[in-house]
Amino acid sequence: MNLDPYLSSVLADLDRATALADEQTRDVAARVATAVEPALRLALVHALSDAAASITSELGDAAVVVRMEGREPVLSVHRTEAAPPMPPAPPAPPAPEPPEVLAEDDGETARVTVRLPQSLKAAVERRALEADVSLNTWIVQALRRATTGASSSSSSSAETPTASPTRTPRRVTGWA
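Under full-length UniProt numbering, the first residue of the sequence shown carries the number 1, and numbering increases by one thereafter.
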(Lines of atoms letter the chains of each structure in order from A; the text may use other names.)
(Lines give C-alpha, C1' and ligand atoms only; values in the text may rest on other atoms or scores of the structure.)
Protein backbone atom coordinates (compact mmCIF):
# COMPACT_ATOMS: atom_id res chain seq x y z
CA MET A 1 0.00 0.00 0.00
CA ASN A 2 1.51 3.29 -1.07
CA LEU A 3 1.39 5.78 1.83
CA ASP A 4 2.70 8.71 -0.25
CA PRO A 5 -0.75 10.08 -1.25
CA TYR A 6 -1.81 10.19 2.41
CA LEU A 7 1.40 11.88 3.51
CA SER A 8 1.16 14.35 0.60
CA SER A 9 -2.38 15.18 1.69
CA VAL A 10 -1.21 16.02 5.22
CA LEU A 11 1.68 18.13 3.89
CA ALA A 12 -0.68 19.97 1.50
CA ASP A 13 -3.04 20.72 4.39
CA LEU A 14 -0.12 22.10 6.39
CA ASP A 15 0.93 24.22 3.42
CA ARG A 16 -2.61 25.61 3.08
CA ALA A 17 -2.74 26.32 6.81
CA THR A 18 0.41 28.45 6.58
CA ALA A 19 -0.46 30.12 3.25
CA LEU A 20 -1.26 33.45 4.88
CA ALA A 21 1.79 33.41 7.12
CA ASP A 22 5.03 35.23 6.38
CA GLU A 23 7.84 33.54 4.40
CA GLN A 24 9.85 32.60 7.50
CA THR A 25 6.86 30.83 9.13
CA ARG A 26 6.10 28.92 5.92
CA ASP A 27 9.76 27.89 5.70
CA VAL A 28 9.69 26.60 9.32
CA ALA A 29 6.44 24.71 8.60
CA ALA A 30 8.01 23.06 5.54
CA ARG A 31 11.04 21.98 7.60
CA VAL A 32 8.79 20.60 10.35
CA ALA A 33 6.75 18.70 7.75
CA THR A 34 9.91 17.12 6.36
CA ALA A 35 11.08 16.22 9.86
CA VAL A 36 7.81 14.56 10.93
CA GLU A 37 7.23 12.61 7.71
CA PRO A 38 8.89 9.40 9.07
CA ALA A 39 6.82 9.64 12.25
CA LEU A 40 3.63 10.11 10.22
CA ARG A 41 4.54 7.12 8.06
CA LEU A 42 5.13 4.99 11.18
CA ALA A 43 1.82 6.15 12.71
CA LEU A 44 -0.01 5.14 9.53
CA VAL A 45 1.63 1.69 9.61
CA HIS A 46 0.59 1.29 13.27
CA ALA A 47 -2.99 2.29 12.35
CA LEU A 48 -3.00 -0.30 9.56
CA SER A 49 -1.65 -2.96 11.92
CA ASP A 50 -4.31 -2.17 14.52
CA ALA A 51 -7.02 -2.30 11.85
CA ALA A 52 -5.68 -5.64 10.60
CA ALA A 53 -5.70 -7.05 14.15
CA SER A 54 -9.25 -5.83 14.69
CA ILE A 55 -10.47 -7.39 11.46
CA THR A 56 -8.61 -10.64 12.19
CA SER A 57 -10.31 -10.90 15.61
CA GLU A 58 -13.68 -10.97 13.83
CA LEU A 59 -12.68 -13.50 11.17
CA GLY A 60 -12.90 -17.12 12.11
CA ASP A 61 -10.82 -18.76 9.42
CA ALA A 62 -8.55 -16.00 8.13
CA ALA A 63 -5.94 -13.55 9.35
CA VAL A 64 -5.11 -10.12 7.96
CA VAL A 65 -1.35 -9.64 7.91
CA VAL A 66 0.64 -6.42 7.49
CA ARG A 67 4.21 -6.85 6.29
CA MET A 68 6.69 -4.25 5.12
CA GLU A 69 8.24 -4.22 1.68
CA GLY A 70 10.82 -1.48 1.82
CA ARG A 71 9.06 1.58 3.23
CA GLU A 72 5.58 0.46 2.21
CA PRO A 73 3.18 -1.79 4.11
CA VAL A 74 1.55 -4.66 2.26
CA LEU A 75 -1.77 -6.08 3.48
CA SER A 76 -2.67 -9.68 2.78
CA VAL A 77 -5.27 -12.18 3.93
CA HIS A 78 -4.18 -15.65 4.94
CA ARG A 79 -6.71 -18.44 5.26
CA THR A 80 -6.25 -20.64 8.28
CA GLU A 81 -7.60 -24.09 8.92
CA ALA A 82 -9.80 -24.56 11.89
CA ALA A 83 -7.67 -25.87 14.72
CA PRO A 84 -8.57 -29.36 15.90
CA PRO A 85 -10.16 -29.40 19.33
CA MET A 86 -7.62 -29.47 22.10
CA PRO A 87 -7.66 -32.50 24.40
CA PRO A 88 -8.69 -31.68 27.94
CA ALA A 89 -5.86 -30.38 30.07
CA PRO A 90 -4.61 -32.65 32.83
CA PRO A 91 -5.69 -31.63 36.31
CA ALA A 92 -3.47 -29.08 38.00
CA PRO A 93 -1.17 -30.37 40.72
CA PRO A 94 -2.36 -29.68 44.25
CA ALA A 95 -1.28 -26.38 45.73
CA PRO A 96 1.65 -26.57 48.14
CA GLU A 97 0.74 -26.57 51.79
CA PRO A 98 1.23 -23.27 53.61
CA PRO A 99 4.32 -23.01 55.78
CA GLU A 100 3.91 -24.08 59.39
CA VAL A 101 5.27 -20.87 60.84
CA LEU A 102 3.46 -17.72 59.77
CA ALA A 103 5.17 -14.37 59.71
CA GLU A 104 3.81 -12.01 62.34
CA ASP A 105 3.11 -9.40 59.66
CA ASP A 106 4.37 -9.88 56.12
CA GLY A 107 3.06 -6.49 54.97
CA GLU A 108 0.55 -7.93 52.50
CA THR A 109 -3.16 -8.25 53.09
CA ALA A 110 -5.91 -10.31 51.51
CA ARG A 111 -9.65 -9.81 51.61
CA VAL A 112 -11.81 -12.76 52.68
CA THR A 113 -15.59 -12.89 52.90
CA VAL A 114 -16.92 -15.15 55.63
CA ARG A 115 -20.56 -15.98 56.28
CA LEU A 116 -21.26 -16.32 59.99
CA PRO A 117 -24.41 -17.10 61.91
CA GLN A 118 -25.76 -13.81 63.29
CA SER A 119 -25.40 -15.00 66.90
CA LEU A 120 -21.72 -15.84 66.38
CA LYS A 121 -21.09 -12.48 64.72
CA ALA A 122 -22.70 -10.69 67.66
CA ALA A 123 -20.57 -12.68 70.14
CA VAL A 124 -17.37 -11.92 68.20
CA GLU A 125 -18.28 -8.21 68.02
CA ARG A 126 -18.79 -8.18 71.81
CA ARG A 127 -15.38 -9.80 72.35
CA ALA A 128 -13.73 -7.25 70.04
CA LEU A 129 -15.47 -4.40 71.90
CA GLU A 130 -14.33 -5.82 75.25
CA ALA A 131 -10.77 -6.05 73.92
CA ASP A 132 -11.04 -2.45 72.63
CA VAL A 133 -10.00 -3.45 69.09
CA SER A 134 -11.77 -3.49 65.77
CA LEU A 135 -13.63 -6.58 64.66
CA ASN A 136 -11.09 -7.10 61.89
CA THR A 137 -8.14 -6.86 64.31
CA TRP A 138 -9.78 -9.28 66.75
CA ILE A 139 -10.43 -11.82 63.98
CA VAL A 140 -6.88 -11.50 62.59
CA GLN A 141 -5.44 -12.01 66.08
CA ALA A 142 -7.70 -15.03 66.67
CA LEU A 143 -6.73 -16.59 63.36
CA ARG A 144 -3.05 -15.91 63.96
CA ARG A 145 -3.22 -17.59 67.37
CA ALA A 146 -5.17 -20.52 65.91
CA THR A 147 -2.63 -21.09 63.14
CA THR A 148 0.56 -20.59 65.13
CA GLY A 149 -0.48 -22.02 68.46
CA ALA A 150 0.88 -18.90 70.20
CA SER A 151 -1.07 -17.06 72.84
CA SER A 152 -0.39 -13.61 74.12
CA SER A 153 0.48 -13.51 77.78
CA SER A 154 -0.96 -10.02 78.16
CA SER A 155 -4.42 -10.85 76.85
CA SER A 156 -7.34 -11.69 79.07
CA SER A 157 -9.93 -14.34 78.39
CA ALA A 158 -12.36 -11.67 77.19
CA GLU A 159 -9.91 -10.54 74.54
CA THR A 160 -8.98 -13.90 73.11
CA PRO A 161 -11.08 -16.65 71.63
CA THR A 162 -10.86 -19.95 73.39
CA ALA A 163 -8.65 -22.50 71.71
CA SER A 164 -10.22 -25.73 70.59
CA PRO A 165 -9.36 -28.68 72.81
CA THR A 166 -8.64 -30.91 69.77
CA ARG A 167 -5.38 -29.51 68.48
CA THR A 168 -2.76 -31.41 66.53
CA PRO A 169 0.51 -30.04 65.17
CA ARG A 170 -1.02 -29.58 61.68
CA ARG A 171 -4.75 -29.04 62.18
CA VAL A 172 -7.08 -26.99 64.34
CA THR A 173 -10.68 -28.11 64.67
CA GLY A 174 -13.68 -26.46 66.25
CA TRP A 175 -15.24 -23.01 66.10
CA ALA A 176 -13.31 -19.78 66.43
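All residues carry an ideal CB built from backbone N, CA and C; glycine is no exception.
E72: first and last residue of the uninterrupted alpha helix (DSSP H) it sits in: Element bounds for E72: not the alpha helix (DSSP H) but the beta strand (DSSP E), 72-79.
Residues near L11 in its chain [Cβ-Cβ closer than 7 angstroms; skip 5 each side]: A33
Can you check whether the CB of V77 is closer than 8 angstroms to the CB of A53? Going by beta carbons, A53 and V77 fall outside the 8 angstroms limit.
According to DSSP, R67 sits in a beta bridge with which residue or residues? V74
May I have the straight-line CA-CA distance separating I55 from H46, to the nearest angstrom? 14 angstroms
Buried or exposed for P73, going by 16 or more other Cβ atoms inside 10 Å? buried
Taking only three categories from DSSP, how would you classify L20? coil
So, is A142 buried or exposed, given that buried needs 16 or more other C-beta atoms within 10 angstroms? buried
To the nearest angstrom, how far is the alpha carbon of L42 from that of A21? 29 angstroms
Under 8 angstroms between the Cβ atoms of S134 and A128? yes
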